[in-house]
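Okay, so here's the structure we're looking at.
Number of protein chains: 2
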Amino acid sequence: MSDGIGLAVSAVIFALRPHRESGEQVLHLPLVRRLRAPFDDHWALPGGWVDEAESLADAAARTLEATTSLRPAYLEQLYAFGEVERSPDARVVSVVYWALVRSEEVARTRVGQNVRWFAADDLPTLAFDHNRIVDYALWRLRSKVEYAPVAQSFLGETFTLAELRGVYEAILQRPLDPANFRRQMAASDEVEPTGEFTTTGRHRPAQLFRSKAAPTAPSPWRAS
Amino acid sequence: MSDGIGLAVSAVIFALRPHRESGEQVLHLPLVRRLRAPFDDHWALPGGWVDEAESLADAAARTLEATTSLRPAYLEQLYAFGEVERSPDARVVSVVYWALVRSEEVARTRVGQNVRWFAADDLPTLAFDHNRIVDYALWRLRSKVEYAPVAQSFLGETFTLAELRGVYEAILQRPLDPANFRRQMAASDEVEPTGEFTTTGRHRPAQLFRSKAAPTAPSPWRAS
DNA sequence: CTACATAGAGTCAATATGACTCTTATCTGG
DNA sequence: CCAGATAAGAGTCATATTGACTCTATGTAG
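First to last, the protein sequences are chains G and W.
The opening residue of the first sequence carries number 4 in the numbering used here; numbering runs sequentially from there.
The opening residue of the second sequence carries number 4 in the numbering used here; numbering runs sequentially from there.
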């Protein structure tokens with residue numbers, strides 16, 4: 004075989020949280036403070052070593068829950084990073100996943116001293132090549148949201164079209180026309196109306212929708 | 004660390020070759036005959052173990068050249084396959100790449116007893132989970148050709164639009180309207196006319212084109 | 001009851017796409 | 001040397017999609 008090569012998994016976990024000042028929904032991700040060298044005291048993506056008895060995806064879900072106690076609504080492999088000098092001293096190949104978690108789930112979570120949420124567009128300098136990894140994950144999320152039904156994973160079982168549009172706007176960082184958004188969703192077969200309506204705050208009640216086709220898995224699985 | 008986990012690379016290498024009967028251009032890929040257990044005597048994707056001193060992409064290119072002596076015009080990571088029971092007895096994680104090689108390059112290559120080209124849509128039962136991997140690579144190639152300039156990698160420095168269209172037709176397995184294809188290519192900024200023309204066979208000479216934007220790398224690199 | 005805000009439907013011009021026609025340039029067979 | 005045959009390359013037309021915009025319905029707050 005080969006070896007002397009460490010095999011790790013990490014995850015870029017996205018959630019929507021209100022920005023501390025503006026209050027707008029903004030993409031955030033949880034980072035973990037490193038407690039040993041290399042990059043002692045730097046922030047890093049949650050992750051860990053792959054167990055011999057678990058698949059890569061299982062390892063990603065496990066380490067993600069162990070470090071942040073989050074359970075994602077969507078999980079997909081991002082890329083395997085395998086440059087030689089990614090980590091000083093050791094050779095490490097990281098299979099990185101990206102994940103989306105619902106806002107409810109975020110609230111449920113206690114984050115301690117060593118886990119903290121950061122706005123995705125305003126990160127400190129991270130350990131290893133993790134800044135680059137986050138950039139790539141962001142690019143992938145923003146691309147994928149345009150052609151695949153992933154945005155729903157940020158929301159609960161049912162949601163209004165305005166809420167869903169808010170998710171798209173937060174991801175794409177630009178306003179979308181409500182009427183056109185509604186039309187595209189109606190045509191796209193991604194959501195379906197439940198009969199129910201919001202017993203709303205102060206405006207006309209909005210109909211609740213639910214996702215139709217469950218967000219499809221990565222796609223190696225589509226082939227099977 | 005972890006370990007006891009073998010880290011391998013494999014490659015799905017596509018080239019266009021005339022189908023043995025119909026003579027049409029068809030996607031082919033080279034497979035390697037296994038000479039030991041497990042799956043002794045089965046055909047498998049070319050690959051090998053990752054060296055401690057080389058990146059994943061380098062390992063893919065090296066093992067690919069070592070087993071098939073092909074040098075690809077395009078190489079991109081496909082997926083990291085890491086199910087527990089992929090390989091009997093051992094635990095192996097395979098980072099799989101997919102590649103495109105020019106037809107010239109194919110001709111230049113001697114393939115021996117233990118390396119053979121197969122039509123991509125008509126494969127035998129392969130070792131490990133390699134059939135599934137090929138299916139996924141095919142899906143990826145067919146998707147990607149619709150929005151990224153990868154088809155050029157099958158051709159040489161210059162080519163006519165008819166040749167390029169032939170590549171698309173072979174990949175997508177459906178005829179494309181010549182006039183519409185020309186229009187889209189003109190609009191797409193992917194190719195540019197050289198001034199030269201084919202000193203043709205028996206018809207009106209066609210202008211030669213070359214690719215404009217070099218086929219972009221995977222995209223973790225676009226972010227940097 | 002009035003003002004206001006969002007839900008949701010509809011209009012219109014610009015653009016992209018598929019199917020098709022027409023002209024031009026070359027080779028081949030008589 | 002001329003008459004097909006064939007592909008190159010330009011152009012036409014009906015249709016679908018998209019962005020920008022308008023209009024009406026239905027709730028709450030005062």
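For every residue, glycine included, the Cβ atom is placed at its ideal position computed from N, Cα and C.
Just so we're clear, the structure is a prediction, and the values are computed from it rather than from any experiment.
Under the three-state DSSP convention, the category E172(G) falls into = One-based indexing of the first sequence puts residue 172(G) at position 169. In this structure, E172(G) counts as helix in the three-state DSSP scheme.
Q28(W) - partner residues in DSSP beta bridges = Counting from 1 along the second sequence, the entry for residue 28(W) is found at position 25. According to DSSP, which records beta bridges pairwise, Q28(W) is partnered with P21(W).
Kindly give me the distance between the Cβ atoms of T202(W) and A209(W), rounded to whole angstroms, as I take these residues to be in contact under 8 Å.
-> One-based indexing of the second sequence puts residue 202(W) at position 199. One-based indexing of the second sequence puts residue 209(W) at position 206. About 10 Å; that fails the 8 Å criterion.
Could you tell me whether the segment 123-134 of chain W touches the segment 19-35 of chain W, using the rule of 3 or more Cβ pairs below 8 Å?
-> Three or more beta-carbon pairs separated by less than 8 Å link the segment 123-134 of chain W to the segment 19-35 of chain W, which places the two stretches in contact.
Simplified DSSP state of E195(G), which is helix, strand or coil | For this step, residue 195(G) is matched to residue 192 along the first sequence. Taken through DSSP and simplified to helix, strand or coil, E195(G) comes out as strand.
Assuming I16(G) contacts V104(G) under a Cβ cut-off of 8 Å, what Cβ separation, rounded to an integer in Å, is found between them?
-> By 1-based counting over the first sequence, the position of residue 16(G) is 13. By 1-based counting over the first sequence, the position of residue 104(G) is 101. Contact annotation, I16(G) with V104(G): C-beta distance approximately 6 Å; criterion of less than 8 Å satisfied.
Grab the span of the alpha helix (DSSP H) containing L67(W) for me, first residue to last.
-> Your numbering for residue 67(W) matches position 64 in the second sequence. Taken as a continuous stretch (DSSP letters only), the alpha helix (DSSP H) holding L67(W) covers 59-71.
Mind checking if A226(G) is an interface residue toward chain W, Cβ cutoff 9 Å exclusive?
-> Walking along the first sequence from the start, residue 226(G) turns up at place 223. No answer about A226(G) holds up, because its pLDDT of 42 lies below 50 and its placement is not dependable.
Of the residues Q155(G), D61(G), R168(G), T197(G), the one placed nearest G85(W), counting alpha carbons only | Your numbering for residue 85(W) matches position 82 in the second sequence. Proximity to G85(W) across Q155(G), D61(G), R168(G), T197(G) peaks at D61(G), based on C-alpha coordinates.
By DSSP, does L158(W) sit in helix, in strand, or in coil?
-> The residue given as residue 158(W) occupies position 155 in the second sequence. Correct three-state label for L158(W): coil.
Note down, one range per segment and in chain order, each beta strand (DSSP E) of at least 3 residues found wholly within the segment 95-134 of chain W.
-> For the segment 95-134 of chain W, whole beta strand (DSSP E) runs of length 3 or above, ordered along the chain, are 118-122.
Applying the criterion that 16 or more other CB atoms from any shown protein chain within 10 Å of the CB defines a buried residue, is Q155(G) buried or exposed?
-> Locating residue 155(G) in the first sequence gives position 152, counting from the first residue. Q155(G) is buried by the Cβ-count criterion.
Inter-residue Cα distance where the pair is R135(W) and S58(W) = As a working mapping, residue 135(W) is identified with position 132 in the second sequence. As a working mapping, residue 58(W) is identified with position 55 in the second sequence. In a straight line, the C-alpha of R135(W) is about 25 Å away from that of S58(W).
A154(W) CB to nearest chain G CB: under 9 Å?
-> Mapped onto the second sequence, residue 154(W) falls at position 151. A154(W) does not count as touching chain G.
Can you check whether the CB of W52(W) is closer than 9 Å to the CB of A11(W)?
-> Taking the first residue of the second sequence as position 1, residue 11(W) is located at position 8. Taking the first residue of the second sequence as position 1, residue 52(W) is located at position 49. Yes, these two residues count as a Cβ contact at 9 Å.
Does the beta-carbon of T197(W) have 16 or more other beta-carbons within 10 angstroms, so that it is buried, or is it exposed?
-> Counting from one through the second sequence, the residue named residue 197(W) turns up at place 194. Exposed, since its Cβ has fewer than 16 Cβ neighbours within 10 Å.
Give a yes or no on contact between the segment 112-122 of chain G and the segment 61-81 of chain W, applying the rule of three or more CB pairs nearer than 8 Å.
-> Cβ pair count under 8 Å is below three, so no.
Mind checking which residues open and close the beta strand (DSSP E) that includes S214(G)?
-> Indexing the first sequence from 1 puts residue 214(G) at position 211. Secondary structure note for S214(G): its beta strand (DSSP E) is the uninterrupted segment 210-214.
Express the C-alpha separation of P181(G) and S214(G) in angstroms, rounding to a whole number.
-> Working through the first sequence from its first residue, we reach residue 214(G) at position 211. Working through the first sequence from its first residue, we reach residue 181(G) at position 178. Taking the straight line from one Cα to the other gives about 18 Å.
E149(W) to Y77(W) span [Cα, whole Å] = For this step, residue 149(W) is matched to residue 146 along the second sequence. For this step, residue 77(W) is matched to residue 74 along the second sequence. If you draw a straight line from the Cα of E149(W) to the Cα of Y77(W), it comes to about 16 Å.
What are the boundary residues of the beta strand (DSSP E) that Y82(W) is part of?
-> As a position in the second sequence, residue 82(W) is number 79, starting the count at 1. 77-84 is the span of the beta strand (DSSP E), which, as asked, contains Y82(W).
Bridge partners - A56(W), DSSP secondary structure assignment = Looking up residue 56(W) in the second sequence gives position 53. Residue pairing from DSSP leaves A56(W) without any beta-bridge partner.
So what does S13(G) bridge to, in DSSP terms?
-> Taking the first residue of the first sequence as position 1, residue 13(G) is located at position 10. Beta-bridge pairing by DSSP links S13(G) to G50(G), V99(G).
Starting from the C-beta of T3(W), find all residues in its chain whose C-beta is less than 8 Å away, skip the five residues before and the five after it, and write them out in chain order.
-> As shown, chain W starts at 4 and ends at 227. That puts residue 3(W) outside it, with no answer to give.
Would a check of beta-carbon distances place S191(W) closer than 9 Å to chain G?
-> Translated into positions along the second sequence, residue 191(W) becomes position 188. No, no contact with chain G.
Give the secondary structure of P181(W) by DSSP, where H, G and I count as helix, E and B as strand, and everything else as coil.
-> Here residue 181(W) refers to the residue found at position 178 of the second sequence. DSSP places P181(W) in the helix class (H, G or I) of the three-state scheme.
Is there at least one Cβ from chain W nearer than 9 Å to A62(G)'s Cβ?
-> Taking the first residue of the first sequence as position 1, residue 62(G) is located at position 59. Under the Cβ distance rule, A62(G) counts among the residues neighbouring chain W, one pair being separated by less than 9 Å.
Using a C-beta cutoff of 9 Å, does I136(G) count as contacting chain W?
-> Start at 1 with the first residue of the first sequence, and residue 136(G) comes out as number 133. Chain W places a beta carbon closer than 9 Å to that of I136(G), counting this residue as a contact.
Through-space distance from A190(G) to F162(G), alpha-carbon basis | Position 159 of the first sequence, counted from the start, is the residue given in the question as residue 162(G). Position 187 of the first sequence, counted from the start, is the residue given in the question as residue 190(G). It is roughly 18 Å from the alpha-carbon of F162(G) to the alpha-carbon of A190(G).
Using alpha carbons as the reference points, say which of H206(W), E68(W), A69(W), A93(W) lies closest to A40(W).
-> Within the second sequence, numbered from 1, the residue matching residue 40(W) stands at position 37. Closest by C-alpha distance to A40(W), out of H206(W), E68(W), A69(W), A93(W), is A93(W).
DSSP three-state assignment for L34(G), whether helix, strand or coil = In the first sequence, residue 34(G) corresponds to position 31, counting from 1. Here L34(G) sits in strand by DSSP.
Sequence-distant residues of its chain with Cβ nearer than 8 Å to Y139(G) (five each side left out) = Here the question's residue 139(G) lines up with position 136 in the first sequence. Residues L81, Y82 of the same chain have their beta carbon placed closer than 8 Å to that of Y139(G), with the five preceding and five following residues left out of the count.
For V153(W), which residues from the same chain have a beta carbon less than 7 Å from its beta carbon, with the 5 sequence-adjacent residues on both sides left out?
-> For this step, residue 153(W) is matched to residue 150 along the second sequence. Result list for V153(W): Y77, L103, K147, P218, in chain order.
Could you name the residues of the segment 78-95 of chain W whose beta carbon sits closer than 7 Å to any beta carbon of chain G, in the order they occur along the chain?
-> Of all residues in the segment 78-95 of chain W, Q80, Y82, A83, G85, E86, V87, R94 have a Cβ within less than 7 Å of some Cβ in chain G.
Quick one: Cα of S227(G) to Cα of R143(W), how far?
-> Residue 227(G) sits at position 224 when you count from the first residue of the first sequence. Residue 143(W) sits at position 140 when you count from the first residue of the second sequence. Model confidence at S227(G) stands at a pLDDT of 38, short of 50, so the residue's coordinates are unreliable; what they give is reported in the following sentence. If you take the alpha carbons of S227(G) and R143(W), they lie about 14 Å apart.
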